[in-house]
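A.B. asks: Note that my numbering has the sequence shown beginning at 22, numbered continuously upward. C-beta: ideal position from N, C-alpha, C; glycine also. Values in this document were obtained by computation on a predicted structure and should not be read as measured data. Got a structure for you, written out below as structure tokens; questions coming shortly.
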Amino acid sequence: MVRYAGAKLFTVPERTAIARQDSVRTSFKNMREVAAALTGMKLKKAYEYLAAVQEHKRCIPFRVFNGGVGRTGQANEFKTSQGASQSRTKYLQSHAEGVFYSSLWIRALPSLYANSNSPGRWPEKSCKFIIRLLKNAESNADIKHMELDELLIKNISVQQAQKNHRRTYRAHGRINPLNGHPCHIEIILTAPSGTTPRNKGKDENKGLTRIQLARKRVLAIRAPEPEAKEKKGKKA
Numbered sequence: 022m023v024r025y026a027g028a029k030l031f032t033v034p035e036r037t038a039i040a041r042q043d044s045v046r047t048s049f050k051n052m053r054e055v056a057a058a059l060t061g062m063k064l065k066k067a068y069e070y071l072a073a074v075q076e077h078k079r080c081i082p083f084r085v086f087n088g089g090v091g092r093t094g095q096a097n098e099f100k101t102s103q104g105a106s107q108s109r110t111k112y113l114q115s116h117a118e119g120v121f122y123s124s125l126w127i128r129a130l131p132s133l134y135a136n137s138n139s140p141g142r143w144p145e146k147s148c149k150f151i152i153r154l155l156k157n158a159e160s161n162a163d164i165k166h167m168e169l170d171e172l173l174i175k176n177i178s179v180q181q182a183q184k185n186h187r188r189t190y191r192a193h194g195r196i197n198p199l200n201g202h203p204c205h206i207e208i209i210l211t212a213p214s215g216t217t218p219r220n221k222g223k224d225e226n227k228g229l230t231r232i233q234l235a236r237k238r239v240l241a242i243r244a245p246e247p248e249a250k251e252k253k254g255k256k257a
């Protein structure tokens, strides 16, 4: 049987649907960012979101693998703006104290970065593969008679697969490597288990300090049991 990276997440098989695909020929970095954007989203909204990404109406925010990634205003809705670090700003300001115009420009760096756009892209190939896998997981949920409208993307795991080694021919008889970076993907969908009863104990302990809570626990332990009280009453 195939082992899943998120096996601990589907302890209840009746309310869980899974799907996976190995060695998908798409960029591992792009797929990782797509998976991070979809995790925790409802399946219905995920389909709408991916369709909008393919039409370039919305974008995928790049949070980890964002080196050299362009910025777009569509990524601002995710609040992943990369501001200039304080150490970098201080370094620039210390090296521009003697230059009047450059020092004015560097002093304005924090405000410029605060109003800048966030990094994002539209990885259409990764979206195409993830849509196929989501439909596969949805059909597995349908076989288990789960409510398709309430399905939630619990987890999407993306791991690097074995690289595809190829070569490209350059000028003057040279050869350069041209490697592909495929990935393994697995998706876990869950159905809500219904409303959980409210814990009344939390409301009773609200506003109490740690010392008061500890004292309350000690008093609860020292309190005599009702059976012991009845036995004492019978003896008397």
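Comparing C-alpha positions only, which one of Phe99, Tyr68, Leu169 sits nearest to Asn138?
C.D. replies: Ranking the options by Cα distance to Asn138, first place goes to Phe99.
A.B. asks: Within its chain, find whatever has a CB closer than 8 Å to the CB of Trp143; leave out the 5 residues flanking it on each side and keep chain order.
C.D. replies: These residues qualify, in order along the chain: Val74, Gln75, His77, Cys80, Ile81.
A.B. asks: Less than 9 Å separating the beta-carbons of Gly27 and Ser178?
C.D. replies: yes
A.B. asks: What residues are listed by DSSP as bridge partners for Val179?
C.D. replies: Ile206
A.B. asks: Could you check which residue in Ser160, Ala67, Leu199, Asn51 has the C-alpha nearest to that of Arg271?
C.D. replies: Outside the displayed range of the chain (22 to 257) lies residue 271, so it cannot be described from this structure.
A.B. asks: When DSSP builds the beta bridges, which residues end up paired with Ile81?
C.D. replies: According to DSSP, which records beta bridges pairwise, Ile81 is partnered with Arg142.
A.B. asks: So the alpha helix (DSSP H) Ala57 belongs to, where does it begin and stop?
C.D. replies: In this chain, the alpha helix (DSSP H) harbouring Ala57 covers 49-59.
A.B. asks: Is it buried or exposed for Ser214, if we count other Cβ within 10 angstroms and need 16 for buried?
C.D. replies: exposed
A.B. asks: Using CA atoms only, rank isn't needed, just tell me which of Phe49, Thr32, Arg36, Thr37 is closest to Ile206.
C.D. replies: Phe49
A.B. asks: Quick one: what does DSSP say Phe188 is sitting in, helix, strand or coil?
C.D. replies: Per the sequence presented here, residue 188 reads as Arg, with Phe not at that position. Three-state result, Arg188: strand.
A.B. asks: When the Cα of Ala212 is compared with those of Gln181, Asp163, Cys204, Gln42, which residue comes out closest?
C.D. replies: Asp163
A.B. asks: Compute the distance between the beta-carbons of Leu210 and Thr37, then report whether it is under 9 Å.
C.D. replies: yes
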